[in-house]
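All remarks here apply to the structure that follows.
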Amino acid sequence: MKKILILSLILVSLFLFIFLFKSEIYRISGKADLTDAQKKELYNLALRAKNYGDLPISSLLLYNNKIIGGGYNTVTKESDICGHAEINALRDAINKTGLSAFMKLDSNELKIISTLEPCEMCKGILLHYNIRDVQFIKDKSLFSNLNRNYNEFRYQLNKQQISSLGLLDSLSKLHPDY
267 MKKILILSLI LVSLFLFIFL FKSEIYRISG KADLTDAQKK ELYNLALRAK
317 NYGDLPISSL LLYNNKIIGG GYNTVTKESD ICGHAEINAL RDAINKTGLS
367 AFMKLDSNEL KIISTLEPCE MCKGILLHYN IRDVQFIKDK SLFSNLNRNY
417 NEFRYQLNKQ QISSLGLLDS LSKLHPDY
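Numbers 267 to 444, taken from our numbering, label the letters of the sequence shown in order.
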């Protein structure tokens, strides 16, 4: 009984920590103040996704409050499991600006607006490119968030590092940051 209580306290603490920490990583807002042009663009992008048989989710990437990229779900259309609106908005911005110029942008001035709260994959790419101002119109359900936290906890418990020093040495010659 005592072990169950301790495990429960650990899980509750972990759950609370993740939600509190999440707010530190992102400037999250479920209430995006959108201009009429942004609303129209989000609607048109979502409509394109729906017309291709995808979920009608869309995203805009803004720099200094100007749209530099837009995306919509293309998972079905392109048979690409990474074809989420946020990733496609980022791709669009990079295609328009060029990767080198995009990487020089002040990340404090970047903002992504999505019609649905980003998934874990999309959050990962937003973190990778230091895009912390994340706004969305519809948040994920409590069940979805609990399921995500359970899956993350399970991943951390089950991950395994393999040992292969010879391969690691070879890889480090190819890429010094490896």
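Positions of the beta carbon are idealized from the N, C-alpha and C atoms, including for glycine.
Could you pull the start and end residues of the beta strand (DSSP E) that residue i belongs to?
i, result
"THR381", "376 to 382"
"LEU327", "324 to 329"
"GLN401", "399 to 404"
What residue range does the alpha helix (DSSP H) around residue i cover?
i, result
"GLY364", "Segment: none, GLY364 is in no alpha helix (DSSP H) and carries neither H nor E."
Below 8 Å between beta carbons: does that hold for residue i and residue j?
i, j, result
"GLU307", "SER325", "no"
"ARG414", "GLU383", "no"
"ALA312", "THR381", "yes"
For the candidate residues the options, whose alpha-carbon lies nearest to that of residue i?
i, options, result
"LYS406", "MET267, ILE270, ILE323 and ASN310", "ILE323"
"LEU356", "THR342, LYS377, ASP346 and SER345", "LYS377"
"LEU371", "LEU277, PHE409 and LEU328", "LEU328"
"THR301", "CYS388, ILE333, ASP358 and SER366", "ILE333"
"ASN317", "THR342, LYS305, HIS350 and GLN304", "THR342"
"LEU277", "LEU412, GLN427, SER438 and LEU440", "LEU412"
Does the beta-carbon of residue i, which I'm using as the reference point, lie nearer than 7 Å to any heavy atom of the ligand GDP?
i, result
"ASN396", "Ligands are entirely absent from the displayed structure, and the ligand GDP is therefore not among its contents."
If I'm right that residue i touches residue j with Cβ under 8 Å, what's the distance once you round it to whole angstroms?
i, j, result
"ASP358", "GLY336", "6 Å"
"ASN339", "ALA315", "4 Å"
Does any C-beta atom of chain D lie closer than 8 Å to the C-beta of residue i?
i, result
"THR363", "Checking the listed chains, one finds no chain D in this structure; it contains a single protein chain."
Requested in this report: For the region 387 to 402 and the region 413 to 423, state whether three or more C-beta atom pairs, one from each stretch, are separated by less than 8 Å.
Outcome: no
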